[in-house]
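Okay, so the sequence shown: first residue is 1 according to the numbering used here, each after it adds one. Taking it in order: structure first as structure tokens, then the write-up.
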Amino acid sequence: MSETSREILGIIQGVEGSDGADVKLRRYIGGPELNILDPFLMLDVFGTDEPNDYIGGFPSHPHRGFETVTYMLAGQMRHKDNAGNEGVIIPGGVQWMTAGRGIVHSEMPEQEAGLMKGFQLWVNLPASEKMCEPGYQEFPPEVMPVEELQGGGSINVIAGKTNAGTTGPVTNAHTLPFYMDIRLGANEELDQRIDESHNAFIYVIEGALNVGSSDVSIDEGDLCVLGEGKSVSIKSDANGTRLLLVAGKTLDEPVARGGPFVMNTRAEVMQAFEDYQNNKF
Ligand code: FE2
């Protein structure tokens, strides 16, 4: 392990909450534990097989100034927006939406029973792009490249590039994001380069793992914020693990939040509310 390998900066368990029409979720980023991990504004994890906890979905609502990323592990979500786009996100599929100057959308469960599990990540846009044209990058699981690792594990690459060069379909020149769904077998170790200018985190989907030189166990449902460095070393325990590894270039700009709008100043947030009220989205 090199001396520039990232170590654990903090481990958080998320805070239970709800959003949309009473969808139960755990908020890791954007809540009281971790307000922001620049450029990431929010990370919600939803996962329940109790229909009452998800059936209300996320009815029509606006966004401006950032990107929303939906990645599903189980269940299906139908999205619709005011630009006429519509589709269903299925397990292993991703929808990377650039809200830019404004979009009004809904995300509703395409099921009435069974498990619904997935992630919603908010990625900030630089000031120069906050009012850009809205856009989508949507990819079904079959186009997501899977890299098989020598130790038996695998990496589903959604965005970014692995050490071996496997590159995800999502492109983004603003924060150069890195979003990978990684499976490791028993006692398997993965070393992955991450640009030094990026903030990074690991979310443990299943099992348990260690990071860097620490022997602290990071367990299912934990989010581990990584410290600075050029790479990260992840090791699974005897039962194997599944995790998300996510990173993005820091923007270092002022952040003004107002519900579904994230701008640089309070005045810009107020303008967003006014534009939405006046049907300018
Ligand atoms: Fe949304």
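For every residue, glycine included, the Cβ atom is placed at its ideal position computed from N, Cα and C. The model shown is predicted, which means the values in this text are computed figures rather than measured ones.
If you ignore the 5 residues before and after V94, its C-beta comes within less than 6 Å of the C-beta of Y71, F139, I158, all in its own chain and listed in chain order. By the C-beta density criterion, Q120 is buried, having at least 16 other C-beta atoms within 10 angstroms. Note on the segment 129-158: whole beta strand (DSSP E) runs with a minimum of 3 residues are 135-139, 146-148, in chain order.
Taken through DSSP and simplified to helix, strand or coil, F40 comes out as strand. In the same chain as I155, and ignoring 5 residues on each side of it, the C-beta atoms closer than 6 Å to its own belong to E147, T162, M180, I182, in chain order. DSSP places Y276 in the helix class (H, G or I) of the three-state scheme. By the neighbour-count definition (other C-beta atoms within 10 Å, threshold 16), D81 is a buried residue. Bridge partners of N124 according to DSSP: F66. Every beta strand (DSSP E) stretch that sits fully inside the segment 200-234 and reaches 3 residues is listed by chain position as 223-226. Beyond the five residues adjoining it in sequence on each side, E188 comes within less than 8 Å, by CB distance, of L149, G151, G152, G153, K235, S236, G240 in the same chain, given in chain order. In the DSSP secondary-structure assignment, E189 is bridged to K235. With fewer than 16 other CB atoms across the displayed protein chains lying within 10 angstroms of its CB, E16 is exposed.
Counting along the chain, the unbroken beta strand (DSSP E) around G17 starts and ends at 15-19. The shortest CA-to-CA distance from E86 to any of V104, A74, E112 is the one to V104. Secondary structure at D195: coil, using DSSP grouped into helix, strand and coil.
Cα atoms of E220 and L209: separation of roughly 9 Å, rounded to the nearest angstrom.
Put simply, the segment 120-137 touches the segment 251-262. At least three CB pairs are less than 8 Å apart.
In terms of side-chain proximity, the C-beta atom of T48 is found no nearer than 6 Å to any non-hydrogen atom of the ligand FE2. Under the DSSP assignment, G258 falls in the beta strand (DSSP E) whose first and last residues are 256-258. Nearest C-alpha to G258 among F66, G14, E50, N52: F66.
Residue burial annotation: E196 is exposed, with fewer than 16 other C-beta atoms found within 10 angstroms of its C-beta. For T167, no beta strand (DSSP E) run applies, since DSSP gives it neither H nor E.
The set of residues whose C-beta lies within less than 6 Å of a heavy atom of the ligand FE2 reads, in chain order, F58, H61, H63, T68, H105. Annotated as distal: V225 and G31, with beta-carbon spacing of 7 Å or more. Contact check for Q277 and S231: beta-carbon distance about 47 Å, past the 8 Å limit, so the pair fails to qualify. Counting along the chain, G10 sits inside the beta strand (DSSP E) bounded by residues 8-12.
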